[in-house]
Structures are given as structure tokens and as C-alpha cells.
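Worksheet for the structure shown next.
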């Protein structure tokens, strides 16, 4: 009689030329964690893009503390922070898992791109959550807002209805920021 | 399949049309209390709402439904008797149209979702103009 144990199992499977899925009827325990659902991947990317937008605004405010500019930019920054909070509230992260694994991969790709805004369709030109390179002018912010709005609209088609509505609302807010920034 | 998805959007399209009709009426009231560049802006926005109404009417008819008719008059949310209240009314109307187009974003047809989202942006921009400030979540209850 063979005792089934964790040590004996590989021997058993190897001897019988079995695959784990031949032995178990449920999810394959040797296959690794399941892939996140498409909406989760999308949400993670949008969260990363929003973080990038916030970084951009903070860089713009940090480099120039002129009161007039701060007065015009701070309300827009505050709205992006509200966007981020509501997006994060939609994402349930299992204990021990990274909040934005897919987005980190996306942001690494973004960080290597030029500082010119509008380059991505990920929902934000400043899609990277990494450091902001170059001077952040109002024109750059305006272009980033425009790109963010366009990117979010591109993501509507595959999102579930409530998430699509949130994306559309944030895109509309971004569009108003373009105008507020002189666009 | 696409036609079935679009047909399912008829209630949302009708709601957007109703909102546009209300905005057209309301801008008529607001414009009477505005002058100069504000009145010009109101006239432009009234024209844009008329164009949107025509577009929605054509879309609904193309789907085989009868577009909802505009009411003879609409009850205003507050008294409008000066430029400030007229601007407030314009912002209120744009918020309402933005909310209506948000309903279109929830439909299955992807083209209609995009149409609704882009319309939201235009309305939200006009609302921000009239209100003098932006919002974090146009169309959504805060």
C-alpha cells in the first residue's frame, strides 16, 4: 500500500504519466493563481493613470508656488484625488496581493516613453506612477487631461455598465479641466 | 446582433431626448435674462441642444421607435429673474442633460456608449462654464 503524501505525489504522478488535472477535478493546484478578470486589469490601469495625473499636478504645483497658479490648479488636483479614491473603492485586493500588478507593468512601459503627453490610450498621458520628468507646464497638463479623457472613452466598450459610467464621468471631468486650463 | 443591442438602448435615448427638450425650453427662459457675451453663449448652447435633439430624434426613429414629444412647458427648479439665476439655470440644465447621457453609457451597444460619453463631456464643459467651477463626477450622484 502506498501512502499518499506530498512527497510521494510527484513520484506517483511521474510514474503513472499523470497530469495534475487528471487527478484533481477542481482548479489545478499546480497551475498558479488565476488571471485577473478583464475589468480588474482595466481598472488597475486606469488607477495607475490617475496616479500619474496626480503626480503631474503635484510636480506643476511644486515647481511654481505662485499663488495664482496654485489657485487654479489645486481644485483640479483635488478632483483627481477624488477620482482615484472612487476608482480604488471599486477594486478589491486580496490580502497579500499587489494592488496594481498589471498597472505596474503598464507604468514601466509608460516611464520609458517620452514626456510628451497624449502618447497612451491607457486613460492618462501621465500614466506612470513613477517620477515626472521635465517641466510641467499648463500646456502639458491640458494635453494630459485631453489624453486621459480620450483614453477613458476608449475603455468604455468592454467595461461592465457601472464601471463604464464611472469612466465616462471621470472623462467628462477631465474634459472640463481642459477648458479650465485654457483649452 | 448590433441592431438588437442598439434597440435595447431606446429607453436611454428617449431619456436623453427628453432632457434635451427640457434644456431647449430652459435656455429660452435663461437667455431672456442674459446680455452681451453671456447671451451669445446661451444662444449658442441653445442651438447645440437643438442639434442634439435632432440627432437623437433621428437615432430613435431609425430604431423603429417614436421619439418622445417635447412638453409645452417645463416647471423651473427655481425662480429665474436675473443674470445670476439665469446662469444657475443653465448649469442646472446642463447637469440634467449630462445625467441623461450617462444613462446611455450603460447600454450594451459600444457605439452608443461612446456617443453618450462624448455628449457628457460637451454638456459638462457647458455646465462648468455657467457654474464657474468644475466637478469631480459630472452626471453621477456625489
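Residue numbers (my numbering), protein chains in the order written: chain S, 126 to 308; chain F, 18 to 159.
Here a beta-carbon is modelled for each residue, glycine too, at the ideal position from N, C-alpha and C.
### Task
Might you give, ordered along the chain, the residues of its own chain that have their beta carbon closer than 6 Å to the beta carbon of residue 134 of chain F, omitting 5 neighbours on each side?
122
### Message
Please confirm whether residue 258 of chain S has its beta-carbon closer than 8 Å to some beta-carbon of chain F.
### Response
no
### Query
In the region 170-200 of chain S, which residues sit with their C-beta less than 9 Å from some C-beta in chain F, listed in chain order?
200
### Residue interval of the alpha helix (DSSP H) (run including residue 129 of chain F)
127-148
### Message
Three Cβ pairs or more, each shorter than 8 Å: is that satisfied between the region 131-147 of chain F and the region 291-302 of chain S?
### Response
yes
### Query
Between the Cα of residue 38 of chain F and the Cα atoms of F/67, F/116, F/105 and F/28, which residue gives the shortest distance?
F/67
### Query
Interface residues of chain F around residue 270 of chain S at Cβ under 9 Å?
Per Cβ cutoff of 9 Å: no residues; residue 270 of chain S is ~11 Å from chain F at best.
#### Entry: Inter-residue CB distance, residue 47 of chain F and residue 59 of chain F (contact presumed, cutoff 8 Å)
6 Å
### Task
Determine the closest residue to residue 176 of chain S out of S/159, S/186, S/150 and S/257, with distance taken between C-alpha atoms.
S/257
### Message
Can you give me the C-alpha to C-alpha distance between residue 120 of chain F and residue 32 of chain F, rounded to a whole angstrom?
### Response
8 Å
### Message
Quick check: is the beta carbon of residue 278 of chain S nearer than 8 Å to any beta carbon in chain F?
### Response
yes
### Query
Between which two residues does the alpha helix (DSSP H) harbouring residue 77 of chain F extend?
53-79
#### Entry: Environment of residue 204 of chain S [buried if 16+ CB atoms lie within 10 Å]
buried
### Query
Would residue 88 of chain F be called buried (16 or more neighbouring beta carbons within 10 Å of its own) or exposed?
exposed
### Query
What are the boundary residues of the alpha helix (DSSP H) that includes residue 268 of chain S?
263-279
### Query
Anyone know if the C-beta pair for residue 151 of chain F and residue 200 of chain S falls short of 8 Å?
yes
### Message
When you compare the CB positions of residue 304 of chain S and residue 108 of chain F, do they come within less than 8 Å of one another, or not?
### Response
no
### Message
Taking 8 Å as the threshold (beta carbon to beta carbon), is residue 298 of chain S in contact with chain F?
### Response
yes
### Task
Return the residues of the region 104-123 of chain F that lie within a Cβ-Cβ distance of less than 7 Å from chain S, sorted by chain order.
115, 119, 122 and 123
### Query
Under three-state DSSP, which class holds residue 243 of chain S?
Residue confidence for residue 243 of chain S is low, a pLDDT of 40 falling below 50, so the modelled location carries little weight and cannot support an answer.
### Task
With distances taken Cα to Cα, identify the nearest neighbour of residue 85 of chain F among F/92, F/136, F/70 and F/97.
F/70
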